[in-house]
Amino acid sequence: MTVLLAAAGLLLSTSLAVAEQTLYEMKEANVKITTVEPERDVGYTVGDILQRTIVLEVKKPYTLLETSLPIVGYEHRWKGQPTGIELHKIETEQNDLGDSTTYMLRLDYQVFTNNIVAKPAILPAEFIKFKADGKFYQYRIPSWGFRISPIATFGAAKIELDMSPFRGPLLLDPNPEKKRLKVLIGVFAVALLGLLYILGSRAWLPRMGGPFASACRDINKLRKLPAADVALQQAVARVHQSLNATAGSSVFSDSLDSFLQKKPKFAPVKTDIEQFFGLSRQVFFEPQAAHQVGDSPLNWLRDFCRRCRDCERGLTPEERV
Amino acid sequence: MSDRQLADWRELAQKLESEINKVVVGQASPIRAITTAIFARGHVLLEGDVGVGKTTLLRAFTRGIGGGYQRIEGTIDLMPNDLVYHTYLCEDGKPHVSPGPLLMSGENLAVFFFNEINRARPQVHSLLLRVMAERTLSAFNKEHSFPHMLVFADRNQVEKEETFEIPSAARDRFMMEIPIVVPDDADIMESLIFDTRFHDVDALVAQVQPDILHFDRLNAFSAVIQDHVQASATLRRYALDLWRATKAPAKFGIKIDGVDINRLVLAGASPRGMSMMLRAARVNAWIHGRDAVLPDDVHAVFHETTAHRLVFSPVYEMRRTEIARELLNQIIQAVAAP
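Which chain is which? The protein sequence lines are A and B, in order.
If you're matching positions, the first sequence starts at 4 in the numbering used here and goes up one per residue.
If you're matching positions, the second sequence starts at 128 in the numbering used here and goes up one per residue.
What follows is the structure, given as structure tokens:
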């Protein structure tokens, strides 16, 4: 605490000493100033930060008096009224160039004012001091004027006609359209799949869902029926349907050769088809007739159907077990 | 009748076929159809071009069947009474009346062969309607019956001058109308030209073993076949569907190029026609040694027993043969059994 009090006393005495000194105007020849102002000079509103960079190249022996730099948080006043422009941050950089010294000051001002219409404002002129040969010199960094814009347009405004280049074009919210597009793409995909399914003769994949493939499934269900003779009749009729559907016309034992000519991929099961017609003869037309399909005609029909299904898929039919 | 007797008759039928096949070559299918008609006791109408062997074929069958055989040529001035009697002046200068071809063989008349039937007048066709349907005739104040008679007739489809279209009612009396076409086998065609045994038709027909069948037992045996050979429920449904398809082919999805299928058929097959078809199908099953009719048996006789019974719109009558063949083929393809 004692140390702090001592330091404060020393600082106060130094300031008073400077204040008592005569201030000379810094000659332009001794200072070369370069300023980098914010890119635009309008469109600022409360909360915005404006950065200006001032580079001062000062001939020796002039040295910057750092205590003369503006103080962060200081708010300028104009005719006793706060201007609403406050120094937010300051950075300094010093570079010795031999016979001169370069000081770079980066000043960030924050706007704390607004209005319902655009109004002029300035980044205030700053007075900094240099010291040389025991004398003090004052130098004025020029102010920079800009316009503070209101947050909202005063009065009724049609936003579509407000083509402010600072705000950029008004963008519509694409999300509902994106969502709708996704839904429509989904619907289109489903419709396309449905169309493919229909065009593919109600089969999801090529060579699937043929007459014998569905007959195989039906015969497997029929095998579970309790009445074997009814099941056998239905199963034989189902295979007849598949043969007819495959040929595009009714197939009988006397038209088997023309069927095989039309559908040569069924040639490997020709003997089976002949046996099937023998079974059909016994089941539907001549109960006393003998057939050659063994004691379990339903099982034989299931295997026959599978072999025909292989044929309709262009595969080599599996051998009988 | 035992299976043995059925088999014996089958052998006779096969013997008859083989004998006919020896003298009429390249016509196995029509020969099978005529054999079927004989055992089904149905009249047969042959249709074909000139000089294809229709008459020879029928004469050969007549010889094989045995029994009384009479023949008459269809001419434009033929009148119904020419079939029943003819009058002439005898050596004594007095008029005499003799029985005509229909009456000459009495009850033993087995085959009445009407050559070129479409040259005869409609009056003759009318007489024939009764004779074919009832196998009886009233003449000389007496009822004559011909229980074993089959009418074999032929007509050529090329010539139209001085011919009379056989009315549909007369056509319906024929069990079968069988097309006879020239065989397209080169060897057969060559032998028909160069083989001298085909040059003398009388000698050729004489090669057929006579009286292979016992004509007077055919009626009884035909009934046995019809009783013996069964038609299952499925087959009956199939035959019914075929019949319906001849009446309304459009309902069965049948289409023929250049034909309005809805206007094509004025009348489908008749009940008599379908009954004859089933009779023939039963015979076909018996010939093949089966005890029940299969769809294949129906197919074997479907064209021959049905095509000539269909009545088409007049606009399609000129293309009758071609359209009927296509229609019946498509009916067989469209109707499923089961």
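In this text, a Cβ means the ideal position worked out from N, Cα and C, and glycines have one as well.
Beta bridge counterpart(s) of residue i as assigned by DSSP
i              : result
W147 (chain A) : A:L126
E174 (chain B) : B:R282 and B:P306
S225 (chain B) : B:H213
K138 (chain A) : A:A135
M206 (chain B) : Note: M206 (chain B) sits in no beta bridge, so no partner.
I57 (chain A)  : A:T38 and A:L108
F239 (chain B) : B:Q197 and B:V278
I352 (chain B) : None; I352 (chain B) has no bridge partner.
A419 (chain B) : B:Q357
Q97 (chain A)  : A:Y106
Environment of residue i [buried if 16+ CB atoms lie within 10 Å]
i              : result
N178 (chain A) : exposed
L198 (chain A) : exposed
L19 (chain A)  : In this prediction, L19 (chain A) has a pLDDT of 48, which is less than 50 and means its spatial position is unreliable; what the coordinates show is noted afterwards. Classification for L19 (chain A): exposed.
G416 (chain B) : exposed
A280 (chain B) : buried
H252 (chain B) : buried
L164 (chain A) : exposed
A464 (chain B) : buried
L173 (chain B) : buried
E292 (chain B) : exposed
H430 (chain B) : buried
S400 (chain B) : First, the amino acid is wrong: residue 400 (chain B) is Gly here, not Ser. Buried, by the Cβ-count rule.
S440 (chain B) : exposed
C308 (chain A) : buried
M302 (chain B) : buried
N98 (chain A)  : exposed
E261 (chain B) : exposed
F85 (chain B)  : With chain B represented from 128 up to 465, any question about residue 85 (chain B) goes unanswered, as that position is not in the structure.
D306 (chain A) : buried
I57 (chain A)  : buried
V254 (chain A) : buried
A238 (chain B) : Residue 238 (chain B) is actually Val in this sequence, not Ala. With 16 or more Cβ atoms within 10 Å of its Cβ, V238 (chain B) is classed as buried.
Q84 (chain A)  : exposed
T214 (chain B) : exposed
H243 (chain A) : buried
P290 (chain A) : exposed
W81 (chain A)  : exposed
S217 (chain A) : buried
Cutoff 7 angstroms: residue i Cβ touching any chain A Cβ
i              : result
R447 (chain B) : no
P306 (chain B) : no
H415 (chain B) : no
P507 (chain B) : Examination of residue 507 (chain B) is not possible in this model, given that chain B is present from 128 through 465 alone.
L367 (chain B) : no
H430 (chain B) : no
Where residue i meets chain A, residues with beta-carbon distance less than 8 angstroms
i              : result
D423 (chain B) : F255, S256 and D257
L362 (chain B) : F287 and F288
is_contact[residue i, chain B] using C-beta, thresh 7 angstroms
i              : result
N247 (chain A) : yes
A240 (chain A) : yes
H243 (chain A) : yes
S299 (chain A) : no
Q295 (chain A) : no
Residues that residue i contacts on chain A, provided the C-beta gap is smaller than 9 angstroms
i              : result
S359 (chain B) : F287, F288, E289 and P290
Listed by chain order, chain A residues near residue i by CB distance under 7 angstroms
i              : result
H426 (chain B) : F255 and D257
Within chain E, partners of residue i - CB distance below 7 angstroms
i              : result
A419 (chain B) : Among the protein chains in the structure shown, which are A and B, there is no chain E.
Beta-carbon neighbours of residue i, restricted to chain B and to distances below 7 angstroms
i              : result
R284 (chain A) : L421
Within chain B, partners of residue i - CB distance below 8 angstroms
i              : result
S252 (chain A) : Q460 and A461
Can you give, in chain order, each stretch of the alpha helix (DSSP H) that sits fully within the stretch 168 to 203 of chain A and has at least 4 residues? Taken in chain order, the whole alpha helix (DSSP H) runs of length 4 or more contained in the stretch 168 to 203 of chain A are 178 to 202.
What are the start and end residues of each continuous beta strand (DSSP E) run of 3 or more residues lying completely inside the stretch 245 to 278 of chain B, in chain order? Qualifying beta strand (DSSP E) stretches, in chain order: 263 to 266 and 269 to 272.
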